[in-house]
Amino acid sequence: MSRAELTAAADAAQPAATEAEAAYRYHLLRAATERFQCNIPALDASQRAAAEAQADQTFALENLVLGSEEAADIIIPAASVQQSLDAVAGRFDDPAEFEADLARNGLDPKGLRAALRRELTFDALMQRIGSRHAEVTATDARLFYELHAERFQAPERRSARHILITVNADYAENTRDAARVRADALAAKLSAEVAGGGDDNPVQRFARLAQRHSECPTAMEDGKLGDIAPGQLYPEVDAALFALDQGAVSAPVESEMGFHILLCERIEPARTPPFAQVEDRIRAALTKRRRREAQRAWIAELKEREAAAA
106 MSRAELTAAA DAAQPAATEA EAAYRYHLLR AATERFQCNI PALDASQRAA
156 AEAQADQTFA LENLVLGSEE AADIIIPAAS VQQSLDAVAG RFDDPAEFEA
206 DLARNGLDPK GLRAALRREL TFDALMQRIG SRHAEVTATD ARLFYELHAE
256 RFQAPERRSA RHILITVNAD YAENTRDAAR VRADALAAKL SAEVAGGGDD
306 NPVQRFARLA QRHSECPTAM EDGKLGDIAP GQLYPEVDAA LFALDQGAVS
356 APVESEMGFH ILLCERIEPA RTPPFAQVED RIRAALTKRR RREAQRAWIA
406 ELKEREAAAA
């Protein structure tokens, strides 16, 4: 039966739809909800065409896999099918609403049960095929680590504080020009105090000025921004922070918020974690990749057999 015939049969809401009709309808409903977050009747013409194209592919793949010799000995317990059915029904307030929604989409509980059994069988078989992959050895993992060490590198981080002078044209002291003058004066004061030394250290002096002058909520925490990785701040502020030496104070840096004066309190250099720390993660990723490769190779073999038999 062609796709168009399957769709027409299901659209007619025939109570005795075949398993194939119900299965295709389930694939169409799944495509509609995954791609457009709506049921089949709510699809417009272009959405319907896209959902049908996806359903064609997934339904054809399911048929190919379930028609294989390997599928014959996959047994899905009735309890597992019931559990899947209950999970779907549990999204609705009551059974009547559940069945009404199925009917709107050209399905009924019996047809959905059959479609879910097919889906569970497909998944179980693909897991079995995937388990045939070659084992990932310690040597495999180590080689991947050596070739792709940059993927595991933790970026440089900086512990920072700031003083913010906001720009707000509604207040004379916070016009852009006035805010800039205030920020320049604070930066000069900080630079002079850092150069001149004193009883307390530069961090304490910066914290004291942040409490008194910063117009950011972080003033309550002595201007602390915390540990910052590249890309977390406004681009201009980010660039200025990561150009500072440890212990240095920036000139005022303008962002859309206003003028920032930055203190780079501590620099934690970029580092690559040791192999032992990431080995399990590498093994898991390589195992997942090999599982997919085994599945793709098996499906390609099924298609070749099907083409040869045609």
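Position one of the sequence shown corresponds to residue 106 (our numbering), numbered consecutively onward. We treat Cβ as the ideally placed atom computed from N, Cα and C, and that holds for glycine. These figures come from a predicted structure and were not determined experimentally.
Pairwise C-alpha distance: residue j and residue i
i, j, result
"S319", "A334", "22 Å"
"E251", "N279", "54 Å"
"D228", "P260", "39 Å"
"E255", "T377", "7 Å"
"R397", "R388", "14 Å"
"I336", "Q400", "Correcting the residue type first, residue 336 is Gly in the shown sequence and not Ile. Taking the straight line joining both Cα atoms gives about 38 Å."
"T163", "E240", "29 Å"
"R313", "D327", "7 Å"
"F129", "F249", "Rather than Phe, the amino acid found at residue 129 in this sequence is Tyr. Their Cα atoms are separated by approximately 41 Å."
"I366", "P374", "22 Å"
"R490", "M325", "For residue 490 there is no data in the structure shown, the boundaries of the chain being 106 and 415."
"A277", "A283", "7 Å"
"L338", "D198", "45 Å"
"T271", "A315", "13 Å"
"R281", "D343", "21 Å"
"I145", "A176", "30 Å"
"A345", "M362", "15 Å"
"I181", "T244", "38 Å"
"Y131", "C143", "13 Å"
"P340", "Q258", "22 Å"
"I372", "A290", "26 Å"
"S173", "E384", "37 Å"
"E202", "T242", "52 Å"
"A390", "H253", "13 Å"
DSSP-derived helix/strand/coil call for residue i
i, result
"T271", "strand"
"L148", "coil"
"S185", "helix"
"R196", "coil"
"F364", "strand"
"D332", "strand"
"R237", "coil"
"S296", "helix"
"A259", "strand"
"A165", "helix"
"A125", "helix"
"A353", "coil"
"I179", "coil"
"E320", "coil"
"A415", "coil"
"E110", "Confidence is the limiting factor: at E110 the pLDDT is only 48, short of 50, which leaves the residue's position unreliable and the question unanswerable from this model."
"D116", "Low local confidence applies: a pLDDT of 47 at D116 is under 50, so the model's placement there is unreliable, and no value is given."
"A375", "coil"
"W403", "helix"
Test item: CB-CB of residue i and residue j under 8 Å
i, j, result
"F380", "R263", "no"
"L230", "K408", "no"
"S296", "V354", "yes"
"L134", "E157", "no"
"F364", "A288", "yes"
"L166", "T226", "no"
"A127", "L212", "yes"
"R266", "E370", "yes"
"C321", "L368", "no"
"P214", "E204", "yes"
"I179", "W403", "no"
Own chain residues within Cβ distance below 8 Å of residue i, not counting five before or after
i, result
"P200", "A194"
"S107", "For S107, the predicted model reports a pLDDT of 46, less than 50, meaning its position is unreliable and no value from the coordinates is stated."
"A219", "E124, A127 and A128"
"R140", "Q152, A155, A156 and Q159"
"G331", "S264 and A265"
"L217", "A127, Y131, L190, V193 and L207"
"F347", "E261, R263 and P335"
Residues near residue i by beta carbon distance below 6 Å, same chain, minus five either side
i, result
"A356", "A292"
"F311", "R266 and L368"
"T112", "Reliability fails at T112, whose pLDDT of 47 lies under 50, so the model's placement of it is uncertain and no value is given."
Contacts around residue i, its chain only, beta-carbon distance under 7 Å, and the 5 residues preceding and following it disregarded
i, result
"R394", "none"
"K329", "R266 and T323"
Residue i: CB within 7 Å of a non-hydrogen atom of the ligand ATP
i, result
"F249", "Although the ligand ATP was asked about, the structure shown includes no ligands whatsoever."
Tell me whether the stretch 136-154 and the stretch 185-193 touch, counting them as touching only if at least three CB pairs, one residue from each stretch, are closer than 8 Å. no
Contact the stretch 208-218 vs the stretch 340-351: 3+ CB pairs below 8 Å: no
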